[in-house]
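Chains A and B, in that order, give the protein sequences. Take the first sequence: its letter number 155 is residue 155 in the numbering used here, and every next letter is one higher. Take the second sequence: its letter number 207 is residue 472 in the numbering used here, and every next letter is one higher. Reading through the structure tokens given below for one structure.
Protein chains: 2
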Amino acid sequence: MSNSAPVGVPGAGPASTVQSVDRAITILEVLARTGEAGVTELAGELGVHKSTAFRLVAALERRSLVEQQHGRGKYRLGTGILRLAGATTARLDLVQESRGISRLLAQQVGETVNIAVLSDGAALYMDQVAGSSALQPHNWVGQRIPLHATSNGKMLLSGMEPSEIDGQVGELRRFTANTITSLPDLARELEEVRTRGYAIAVDELEIGLTAVAAPIRNGHGETIASMSVSGPTFRIDARRLPQLAQAVMRAAEDVSLRLGWRGAA
Amino acid sequence: MSNSAPVGVPGAGPASTVQSVDRAITILEVLARTGEAGVTELAGELGVHKSTAFRLVAALERRSLVEQQHGRGKYRLGTGILRLAGATTARLDLVQESRGISRLLAQQVGETVNIAVLSDGAALYMDQVAGSSALQPHNWVGQRIPLHATSNGKMLLSGMEPSEIDGQVGELRRFTANTITSLPDLARELEEVRTRGYAIAVDELEIGLTAVAAPIRNGHGETIASMSVSGPTFRIDARRLPQLAQAVMRAAEDVSLRLGWRGAA
DNA sequence: CAGCGGGTTGCGTGATACGCAACTCGGCCC
DNA sequence: GGGCCGAGTTGCGTATCACGCAACCCGCTG
């Protein structure tokens, strides 16, 4: 609705692709964004004829990547997506290796633990372990969260070249009074993250939400993911923060070691 | 490797699709199955030229549905899949409505709770809530499990026409001495499930694993999903089973009510 | 250093996916 | 109740686009 650009991938050039595949993927992403859509609506979104959109959707439906409501009607994402996603995480070393450690950490500190990676200008949750059974965070694996307003996001950004950062974050949207909204401020913050070894976000995405994140590195020493502990600000105060940071850093390092990281260079 | 059929979807006819989209999806499924594969390998799998496979993979990569290992090399499923999956579950009424109820049930009985739907001849886990923090089930959302050897699977099968069942289950693979491997036996078992209102599987998929499942229905009274409680057989004995069954049935009915089900016809 | 195996790219052609238009079907308004 | 409208679906002919070919690049191995 608010979106206007109808086709193509944002950053990349208009270079060669397989047109119909690209369109099919666009359909999937539109459905991910809107929840459900009809053939005509989809055709409008990608600027093709109804029949073309229909055939694409039909191809996707045949493999159950999308489903139509009840015989006739609108389409939504289907179970095939979940099958693929299951295979994705099952195969991903990162999730495999981190799961047990995350669970221990969550139990130890009693807060929610998340693992996130960079994905097209956002932090993408790969795994989540709930802490105290009390209130459950509404976020879930697969959700994308802004880079500049979260501890995970800042952690991931801190591993990149300053020149790249600009392109990744886009507009620095304000969520709360504490959100960092200027590029120089962000650069300064990231510098601090680098020297300190962990990232913090207090009331920056949401009032009352605090998080601490530490880097997960692969065998080459690159920061490939971020592990965070998050919870209500009233429970994670200034006194407790440093000790949480230590715990997350230790846990993240454990994961890094399992991924082939040999320790600080 | 063991697979031979190179193209197409098993059940459906060879009718019209968008060829390149279909091939692209096949690539995703091959990657889901094998974990990773190179261009040449993929080309072999779907019987096309290297360059064709490459272009398809490139199209998928541009949208991060697949990623290549490190610049050069093999391909695996990418984060884009997870993004889509996140949107899928976030939008699915079923998961939305069931989550809280599952959690309560898990807490109440201290065992793991699963929600599964039918997806191309297998039960597909849509959601999972761990019970006692002790041993964690290794399965995960997105995993596919056989229909004839699980409580969820039998529950889902029991909602179908007998004529359809044959096509869904395929070969009745044996997992343990208790696995049902003949079609007549299965039919008998399903009949029992229907009259009893819940399904059981004791040591049928794995020795030491017991589960009980109840139906989740939509507004039209169709069984669209199954909710199960599962745990080690030594903890779920013959005495405890009936009371667990009652608990699952009540929980599943709660979910059904939220989905518009008006109670038994 | 040469050979090999795998990924990548330019090119011409024919299969194929596209747009068009007609059809079906359900819902709504009159 | 009938006719209109809008949305999904299908057959057809054609221009496009995706395919196969072959050459190329590159890292690895012997």
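Just so it is clear, CB atoms sit at the ideal spot from N, CA and C, and this is done for glycine as well.
Identification of chain A residues near residue 391 of chain B by a Cβ-Cβ cut-off of 9 Å yields 79, 82, ordered along the chain. Proximity of chain B to residue 25 of chain A at the Cβ level (cut-off 7 Å) is accounted for by 328, 330, in chain order. Put simply, of A/253, A/218, A/145 the residue whose alpha carbon is nearest the alpha carbon of residue 201 of chain A is A/145. The three-state reading of DSSP puts residue 497 of chain B in strand, counting E and B together. Residue 301 of chain B and residue 319 of chain B have their C-alpha atoms roughly 14 Å apart. In the structure shown, the three-state DSSP call for residue 183 of chain A is helix.
Closest in C-alpha terms to residue 517 of chain B, from the list B/420, B/316, B/468, comes B/420. DSSP places residue 248 of chain A outside any beta strand (DSSP E); the residue lies instead in the alpha helix (DSSP H), whose first and last residues are 241-258. By alpha-carbon distance to residue 346 of chain B, the top candidate from A/88, A/76, A/78 is A/88. Shortest Cα-Cα distance from residue 486 of chain B to any of B/331, B/476, B/425 involves B/425. Taking CB atoms only, residue 325 of chain B has a neighbour in chain A less than 8 Å away. Look at residue 100 of chain A here: in three-state DSSP terms it is helix.
Bridge partners of residue 207 of chain A according to DSSP: none are assigned. When secondary structure is reduced to three states using DSSP, residue 311 of chain B falls in the helix class.
Here the C-alpha atom of residue 43 of chain A lies approximately 37 Å from the C-alpha atom of residue 225 of chain A.
Within chain B, the residues 348, 351 have their CB atoms less than 8 Å from the CB of residue 144 of chain A, given in chain order. Chain A places no beta carbon closer than 8 Å to that of residue 474 of chain B, leaving this residue out of the contacts. Against chain A, the CB of residue 304 of chain B has no partner CB under 8 Å away; the residue lies outside that interface.
In the DSSP annotation of this structure, residue 118 of chain A is not part of any alpha helix (DSSP H); the continuous beta strand (DSSP E) holding it starts and ends at 112-118.
Around the Cβ of residue 93 of chain A, a 10 Å sphere holds fewer than 16 other Cβ atoms; the residue is exposed. Contact annotation: residue 153 of chain A and residue 125 of chain A have beta-carbon atoms that are not nearer than 8 Å. With the rule of 3 Cβ pairs closer than 8 Å, the stretch 455-471 of chain B counts as touching the stretch 439-447 of chain B. Interface criterion met: the Cβ of residue 285 of chain B is under 8 Å from a Cβ in chain A. A/211 is the residue among A/211, A/61, A/78 whose C-alpha sits nearest the C-alpha of residue 114 of chain A.
Secondary structure note for residue 502 of chain B: it is in no alpha helix (DSSP H), with a DSSP letter that is neither H nor E. DSSP links residue 199 of chain A through a beta bridge to A/213. Within chain A, the residues placing a beta-carbon under 7 Å from that of residue 320 of chain B are 18, ordered along the chain. Note that the C-beta distance between residue 229 of chain A and residue 105 of chain A is below 8 Å. Residue pairing by DSSP places residue 341 of chain B opposite B/332 in a beta bridge.
Put simply, the CB of residue 32 of chain A is near chain B, with a gap under 8 Å to one of its CB atoms. For residue 437 of chain B, no beta strand (DSSP E) segment is defined, and its DSSP state is neither H nor E.
Rounded to the nearest whole angstrom, the C-alpha separation of residue 66 of chain A and residue 29 of chain A is 11 Å. Annotation: the continuous beta strand (DSSP E) that includes residue 391 of chain B extends over 388-394. For residue 434 of chain B, the closest C-alpha among the options B/480, B/315, B/386, B/512 is that of B/386. Counting only residues of its own chain and dropping the five nearest sequence neighbours on each side, residue 488 of chain B has a CB closer than 6 Å to the CB of 424, 480, 482.
The DSSP-derived three-state label of residue 17 of chain A is coil.
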